[in-house]
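Reviewing the structure listed below.
Protein chains in written order, with the working numbering: chain A, 18 to 531; chain B, 4 to 398.
Listed below in structure tokens is the structure:
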């Protein structure tokens, strides 16, 4: 079930919410149990067969965690982490492994059809973090229902945030369970913004991006403008898709009276790639840093070892996003960017560079370069395979005579083109780029991403998420911040209504199957 | 206390909004039920064979509907293609015939349908209504919808996205029907809303248009000659790529023909007609307006010995008055095409066509869109002189 489906919004959510309200007044166990049942129903809606998998995974991890809380055994921890990774490996990577081996050896291993169960990457990582925290004595034994809800709580189940046991458990155990009026108002408002981002912005961007990647996958030579517009549209699609989802998750959590950790914080505003990863999928970055990068040694053993660790983490992070060589390359590309970023920062420190009056210009250049790198890397993330990605890259570079401009601009531009001696520029029908209309949409959406406060900043006075958010200083931004007023109610009702009216278009969350 | 009241009011309004959403949601479920959205397609197809019933629904996958029809009827001859194949009907054939048209979308996705239909039941002959514009497209496009729309909120979605108007929606919800005293039983949302739908043989009847029961995206003939001319000019000025037969499309075309041949099924590719006015416009600047079409006419015969060209209705006596719109010939036009197909030397259809009947009907209904005879046609006698084209000179 998707958050942006009417069956979720009009049936599942009201039933679950009112059931929880009633149960919370009577008994904590029933209330939490109700949410577990609802969350399993939510999970099983996709394919009921895999409910056993998440339940089985929870039972095994709960038992191992119980043992680890009592006896700090590295063997038990190893078995637990190993079992989780083996399960993830089987469902997520056996197909890739089998296919690759088949291509190399010319034989079929028969695992190509293994279906990737929904959310397995998320609940596996969440439970690994639980086991490690239990081993380190950071968590206490919880009862079975509380643990089950920690794993399955539907707002965070299918696409994060990857929640720590210590972040959510105190909220399950607090005195008065159930939302207060404030929680409901904040929760619905944040959810509405997320829904709007997903349905109105991300899905619209998809209509520009998907056809371009579609024809590239067909082997059609994609033109310069088509490829750039498609890639830029995809960059904005995935941005608002994940941003919208993260908002909806936090809003839904808050609707039930729980605060979830922030997972997305205007990553395209980053001035370097390291900052990008501190803003994009924050809980995944945190997991990789604390449970992989630090155990590998982090930056404790010199630059060479640090860079190797960064590369390992990013390659695995890439593979976590999808079982495909293009995801591995995407991770590798980001790993390379981060290493270059570190080298640059080290150099700046060593040389003691002072930017002075150039700081603003350098900021613009840093932002532009970062955004360019992220956008270029998305091609690998989105393309079905490496051939498709190369096709798009060749289009973006204008190779193979693909520097084609719309024939409608021929009269306007051909004198300029010929006077500049740009003989490689052709005028013809390009396939998908819609000219100024599309460019206008892309510019507006990019403006929204770069210059408006994000949802958590918008809510900063009322802290919708787990972490406190700094209230912006700018007067204009402060004026926009949410408060429980009629003006903001009108805004929320309007965007909610518009979003719901647009929920009939075909859609799927990009982060849905990771 | 004051703040608490603010939140109370805030939440009360939000609650009200959700209640309104809920009311619309319930209405959608009612419309879904009242427009047969929950009836299995196999049951509808079986009921249609007992008929007369016109069925059409955007909630049903055309792919599934036509395959179910094909399975039920197991005909010797079938027609495939886009909406431009809709007017091929069973009665001009002396052997069993089913119209599986309307399924085809982008060429590359249509190949799967041909494979599936042969797997369901192997016909002897497939008449493929070829739309020449399919050969000039970029590859890609939207895949064919192979599953029904089972979402109970889909009727609401259709009205919100403009496929139907709210008046139709509420009428369906409260009365269960939109068109009062329609002489034929209608099943499915589109049929109930517009009065047009598929007959037992899979062919389409557009009697709803005759009665002006139109959905928003009707095929009513609204184009003037000037607007048609302008559209063709704009299309032609988009550069080489959109006026050239695309190699990928030819490859798909060949692949479909090869597959059918490997299954001992004959495919007769037929270039289906544009209206006479469109052809006149194309003739004005053949090097520009007709470039792609002429290229295709040169190329396709090399792919199939059965290829036939019926693009120009003036060549076989079909007038502007016989057209539903600039790119959709009416029932009489397609009767002429069936006759023409059987006349082609060596045609596999030669002994499968009721020539006398077609001869009489094309004479009696010259310049008409509809044949007002037969189980369904006879219910619409007044539709005989219906004219859709504003450019029909013989009104």
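Just so it is clear, CB atoms sit at the ideal spot from N, CA and C, and this is done for glycine as well.
- At least three beta-carbon pairs within less than 8 Å, the stretch 325–345 of chain B to the stretch 365–382 of chain B: yes
- Message: Nearest by alpha-carbon distance to residue 354 of chain A: which of A:182, A:387, A:322 is it?
- Response: Taking the first chain and counting its residues from 1, one reaches residue 354 of chain A at position 337. Of the candidates A:182, A:387, A:322, the one whose C-alpha sits nearest the C-alpha of residue 354 of chain A is A:387.
- State yes or no: is the beta carbon of residue 405 of chain A nearer than 9 Å to at least one beta carbon in chain B? Mapped onto the first chain, residue 405 of chain A falls at position 388. Chain B contact via Cβ: absent.
- What is the residue span of the alpha helix (DSSP H) that residue 133 of chain B lies within? For the purposes of this step, residue 133 of chain B is taken as the residue at position 130 of the second chain. Not the alpha helix (DSSP H): residue 133 of chain B falls in the beta strand (DSSP E), residues 128–133.
- Going along chain A, which residues have a C-beta under 8 Å from residue 11 of chain B? Looking up residue 11 of chain B in the second chain gives position 8. In chain order: 198.
- DSSP bridge partner residues for residue 251 of chain A (one or two, in chain order): Residue mapping note: residue 251 of chain A aligns to position 234 of the first chain, counting from 1. DSSP output for residue 251 of chain A lists no bridge partner at all.
- Is the number of C-beta pairs between the stretch 203–220 of chain A and the stretch 473–482 of chain A that are closer than 8 Å three or more? yes
- Item | For residue 101 of chain B, the first and last residue of its enclosing beta strand (DSSP E) | Position 98 of the second chain, counted from the start, is the residue given in the question as residue 101 of chain B. Per DSSP, residue 101 of chain B belongs to the beta strand (DSSP E) from 100–102.
- Task: Please name the residue or residues paired with residue 188 of chain B in a DSSP beta bridge.
- Result: In the second chain, the residue the question calls residue 188 of chain B occupies position 185. Paired residue(s): B:56.
- Message: So residue 448 of chain A contacts chain B; which residues on that side make the cut at Cβ distance below 8 Å?
- Response: Start at 1 with the first residue of the first chain, and residue 448 of chain A comes out as number 431. Within 8 Å Cβ-Cβ: 141, 244.
- Taking 9 Å as the CB-CB limit, is residue 58 of chain A close to chain B? In the first chain, residue 58 of chain A corresponds to position 41, counting from 1. Taking Cβ atoms only, chain B never reaches closer than 9 Å to residue 58 of chain A, which makes this a no.
- Using a beta-carbon distance below 9 Å, is residue 390 of chain B in contact with chain A? In the second chain, residue 390 of chain B corresponds to position 387, counting from 1. No, because no Cβ of chain A sits closer than 9 Å to the Cβ of residue 390 of chain B.
- Query: Cβ atoms of residue 256 of chain B and residue 138 of chain B: under 9 Å apart, would you say?
  - Reply: The residue labelled residue 138 of chain B in the question sits at position 135 within the second chain. The residue labelled residue 256 of chain B in the question sits at position 253 within the second chain. It is a contact, given that the beta carbons lie within the stated cut-off.
- Three-state secondary structure (DSSP) at residue 269 of chain B? Locating residue 269 of chain B in the second chain gives position 266, counting from the first residue. Three-state DSSP puts residue 269 of chain B in a strand.
- Item | Interface residues of chain B facing residue 514 of chain A [CB-CB closer than 8 Å] | Taking the first residue of the first chain as 1, we reach residue 514 of chain A at position 497. Those within 8 Å of residue 514 of chain A in chain B are 20.
- Message: Helix, strand or coil, according to DSSP, for residue 384 of chain B in the structure here?
- Response: Position 381 of the second chain holds residue 384 of chain B. Looking at residue 384 of chain B - three-state DSSP - the assignment turns out to be helix.
- Query: Hey, out of A:226, A:237, A:245, A:258, whose CA is closest to residue 251 of chain A's CA?
  - Reply: The residue you call residue 251 of chain A lines up with position 234 of the first chain. Comparing Cα-Cα distances from residue 251 of chain A to each of A:226, A:237, A:245, A:258, the minimum goes to A:226.
- Note down, in chain order, each residue of its chain lying with its Cβ closer than 7 Å to the Cβ of residue 288 of chain A, except the 5 sequence neighbours on either side. The residue you call residue 288 of chain A lines up with position 271 of the first chain. Here the set comprises 380, 383, 384, 387.
- Query: Is the Cβ of residue 441 of chain A closer than 9 Å to any Cβ of chain B?
  - Reply: The residue you call residue 441 of chain A lines up with position 424 of the first chain. Chain B, which has no Cβ nearer than 9 Å to the Cβ of residue 441 of chain A, makes this no.
- Query: In chain order, which continuous runs of the beta strand (DSSP E) of length 3 or greater are located wholly inside the stretch 434–460 of chain A?
  - Reply: 443–445
- Close-in-space but distant-in-sequence residues of the same chain around residue 278 of chain B (CB under 6 Å, 5 per side omitted): Numbered from its first residue, the second chain carries residue 278 of chain B at position 275. Within the same chain, residue 278 of chain B has close Cβ partners 323, 326, 329.
- Message: Excluding the 5 residues flanking residue 364 of chain B on each side, which residues of the same chain have their C-beta closer than 7 Å to its C-beta?
- Response: Position 361 of the second chain, counting from 1, holds the residue named residue 364 of chain B. Around residue 364 of chain B: 338, 374.
- Message: Quick check for students: name the residue ranges of the alpha helix (DSSP H) that lie wholly in the stretch 68–98 of chain A, counting only runs of 4 or more.
- Response: 68–87
- Hey, could you find the ends of the beta strand (DSSP E) residue 81 of chain B is sitting in? On the second chain, position 78 is the one that residue 81 of chain B refers to. Taken as a continuous stretch (DSSP letters only), the beta strand (DSSP E) holding residue 81 of chain B covers 80–84.
- Item | Backbone secondary structure at residue 8 of chain B - three-state DSSP | Working through the second chain from its first residue, we reach residue 8 of chain B at position 5. The answer is helix: DSSP assigns residue 8 of chain B an H, G or I state.
- Beta carbon of residue 480 of chain A: closer than 8 Å to some heavy atom of the ligand ZN? This structure simply doesn't include the ligand ZN, nor any ligand for that matter.
- Message: Quick check: what's the CA-CA separation for residue 244 of chain B versus residue 445 of chain A?
- Response: Here residue 244 of chain B corresponds to residue number 241 of the second chain, with the count starting at 1. Here residue 445 of chain A corresponds to residue number 428 of the first chain, with the count starting at 1. Each residue's alpha carbon lies about 7 Å from the other.
- Skipping 5 residues on each side, what residues in its chain have a beta carbon closer than 6 Å to that of residue 149 of chain B? Position 146 of the second chain, counted from the start, is the residue given in the question as residue 149 of chain B. Contacts found: 64, 66.
- DSSP-derived helix/strand/coil call for residue 469 of chain A: Along the first chain, read from residue 1 onward, the residue named residue 469 of chain A stands at position 452. The answer is coil: DSSP assigns residue 469 of chain A none of H, G, I, E or B.
- Does DSSP classify residue 89 of chain B as helix, strand or coil? For this step, residue 89 of chain B is matched to residue 86 along the second chain. Looking at residue 89 of chain B - three-state DSSP - the assignment turns out to be coil, as it is neither helix nor strand.
- Straight-line gap, residue 520 of chain A to residue 62 of chain B (C-alpha atoms, nearest Å): Position 503 of the first chain holds residue 520 of chain A. Position 59 of the second chain holds residue 62 of chain B. Each residue's alpha carbon lies about 16 Å from the other.
- Item | the stretch 273–280 of chain A in contact with the stretch 363–375 of chain A per 3-pair CB rule at 8 Å | no
- Query: At what residues does the beta strand (DSSP E) containing residue 421 of chain A begin and finish?
  - Reply: Position 404 of the first chain holds residue 421 of chain A. Its beta strand (DSSP E) spans residues 421–423.
- Message: So that I know if they touch, is there some Cβ in chain A lying closer than 9 Å to that of residue 236 of chain B?
- Response: Mapped onto the second chain, residue 236 of chain B falls at position 233. For residue 236 of chain B, the answer is no, since every Cβ of chain A falls outside 9 Å of its Cβ.
- Message: Could you check whether the Cβ of residue 241 of chain B sits closer than 9 Å to any Cβ belonging to chain E?
- Response: As a matter of chain content, chain E is missing from the structure shown, whose protein chains are A and B.
- List the endpoints of the continuous alpha helix (DSSP H) containing residue 212 of chain A. If you number the first chain from 1, residue 212 of chain A lands on position 195. Start and end: 198–213.
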